[in-house]
Every structure is written in structure tokens, then in C-alpha cells.
Amino acid sequence: MIDETLLKQLSTAISEQLNVKILINEAKSIHGGDINQAYRIDTNEGYFFLKMNDAEKYPDMFRQELAGLQALHNANALPVPKPLAYGKVGSRSYLLLEFITKGQTVADFWDNFALLLARQHRVTQPHFGFNTPNYLGTLKQYNTPYSNWPVFYAFNRLLPLIRMAYDQQIVDKGMVNQVESLCKQLPRLFPAEPPALLHGDLWSGNFMVGSNGRACVFDPAVYYGHREMDLAMTRLFGGFDTRFYYAYQAVYPLQPGWQQRIGVCQLYPLLVHLILFGGNYYNSIREVLQAY
Ligand code: ADP
């Protein structure tokens, strides 16, 4: 809930940041997110999308999300809601974005989605990582730079999470050993690739069909990584059409052996889900590890 006082505080804060007088008339709750409270705010300048959370609980989450959205926006590839502002009012953080109005898919929706993701993946920088750590869900995501993907993936992704799962007694020492042993095999499994600009959390719940009938992605966990990470994520919780994969292969073919790497790439989001939600993810992780 946003009460009158908070609406006024937000109007003032946002007006200062955007350098335009913004008067919020109404905030309407939007459901669908996992972590934050989301609203469509109706203002004298039209609709905006607003996310809010407890500033102490997830420090810097919105600053980091805005940095990621900015990087995707600058790539001029897959559309994202234009990032506008972030800040704090009282004990709450907020993130202000362009409001995306939903539309109906156009005929070449999946081909276009794949083409634009491939274009985004061609945006590169000299090392794997990002200029800020961020979050995947509510877990901290480390983006310490490394010039080598297997090292980045082991030290910033798999090892911190398997240790966290072990410390929380979610997995046993045997599984820790298996992950450590897999990490040693990563250089053999992954052919060299330039660091690609990734969405980082590209599952079917993180895109919408915009008013032009095209995909608009949101809620990213951006970093420069191996592009197969984004593709493996799209396969994890369903929702992407086979046309998407054909179209991607046609414009930016993956290197041989990509099928065998899907499970390895899914291991990171699976570990995140295991830590956050427990349950069945344990078996999925065991299956991946047993294959190596
Ligand atoms: P959370 O950070 O809590 O996971 P999301 O970023 O996923 O929240 O947003 C919650 C919901 O709001 C999404 O499922 C989507 O339906 C909707 N949404 C996200 N971004 C926008 C936007 N810019 N404009 C309109 N609706 C949006």
C-alpha cells in the first residue's frame, strides 16, 4: 500500500530527479513479481512503473537494477523499459521505469526476439563481469571481473552458491565435491567466447509483449558472461517457442557441444532456486552433476 503521505514524498523526489513537476494521482498495485511491490502510477505526465521495497533488506538492489537496465537500453537491441530514477523515501527504496503497455504478439515475434537477443549478445567488453554486483532474485550476484569464462563461472557463480547451500545444510559434502570437480572440467567444456551482454535472468516471467507486439524484457541480473547462460535459462522454466532457438542459431550460431553445456549453464539458476525455494531443485541439480 502507498498512502497519501508517501505519494507526496514520491512526487517530490521523482520531480527533483526528472527535473519535471510530477504529481502522482494514484498508485495501482501490479501483481506478478516475486520480491518487490510493483505499481502503475498515474501522474500528470502519464503512467509510470514503480517498484518499491525495504531499503535495509536489499541494499542497493534498485541502483544495481537500474545500472543493468541502462546497459541493456544502451545496447539498442532487446527493448527494456526505459530506466528513469531510483532513490529512497523514508525507509523504502524505489525504482521508476517507463510503463510498458501490453499488446498482442506479431507473427514473427519469436524470430524478432531471437534476432534482438543475438544483437545484444554481440555487445562485448574485454572481461567477464559487470561494473557493479547485483542480485539474482534476492541472492547477491558477484561480478568480479575475470578474463576467462570458466574461472568467472566457478568463482563468481558455482562455488559461492554451493558453499552457501552447504553452510545452510541444504546439500551434503558429496555434492560440494561434485561441484568442485565440475569446476575443474569447465575449461574443457567451454570453448572461448567473447564476454556477451546478458540479461541474466531470462525466463518466461521476465518478458512482456509490448504494445508493438514485440518482446520487452525486464527484471534483469545483467553481466557480461557466456551467452549460453541466457539461452539455457530460457529453457529452464518453459515458455520459449522452438522458433526462437532456430532463429538464434541462424543469426549467431552456438559453438559445437552447446547441447552438453545446457545443464552446466542451468546449474547456477538451479542452485539459486534451491537456496531460495528448496524442494525439487535438489534432484535437478543431482541429475546435472551426475552427467559429468
Ligand atoms: P520483481 O522485482 O518483484 O520480480 P518485476 O520486475 O518482475 O518484479 O515486476 C513485477 C510485474 O510487473 C511483472 O511480472 C510484470 O508483469 C510487470 N512489469 C514489470 N515491469 C513493467 C513495466 N516497466 N511496465 C509495466 N509492467 C511491468
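Following our numbering, the numbering of the sequence shown begins with 5 at its first residue and continues without gaps.
Where is the CB? At the ideal position from N, CA and C, for every residue including glycine.
Following the DSSP letters along the chain, one finds Gly178 inside the alpha helix (DSSP H) bounded by residues Lys177 to Leu193. Setting aside the 5 residues that flank it on each side, Thr109 is surrounded in the same chain by Val213 and Gly217, each with a C-beta closer than 6 Å to its C-beta; the list follows chain order. With a cut-off of 8 Å, the C-beta of Glu30 is classified as distant from the ligand ADP, since no heavy atom of the ligand falls inside that distance. The straight-line gap separating the alpha-carbon atoms of Leu193 and Leu201 is approximately 21 Å. Here the alpha carbon of Phe241 sits roughly 37 Å from the alpha carbon of Glu49. Straight through space, the alpha carbons of Val255 and Leu119 are spaced by roughly 7 Å.
Beta-bridge partners assigned by DSSP to Met56: Gln41 and Tyr98. Distance from the CA of Glu30 to the CA of Leu88, rounded to the nearest whole angstrom, comes to 19 Å. For Phe103, the secondary structure class from DSSP, reduced to helix, strand or coil, is coil. The shortest CA-to-CA distance from Phe222 to any of Val93, Lys188, Leu143 and Trp207 is the one to Trp207. Here the alpha carbon of Tyr43 sits roughly 11 Å from the alpha carbon of Gly37.
Across the structure, Leu165 and Gly261 are spaced so that their CA atoms are roughly 25 Å apart. Relative to the ligand ADP, the beta carbon of Ala42 is positioned inside 8 Å of a heavy atom.
Taking the C-beta atoms as reference points, Lys32 is found no nearer than 9 Å to Tyr98. Distance check between Arg123 and each of Gln41, Pro257, Gln264 and Ile104 places Pro257 closest, using alpha-carbon atoms only.
The count of Cβ pairs closer than 8 Å, one atom from the stretch 267–274 and one from the stretch 233–247, reaches three, so the stretches are in contact.
For Tyr139, the uninterrupted beta strand (DSSP E) run begins and ends at Asn138 to Leu140, by DSSP.
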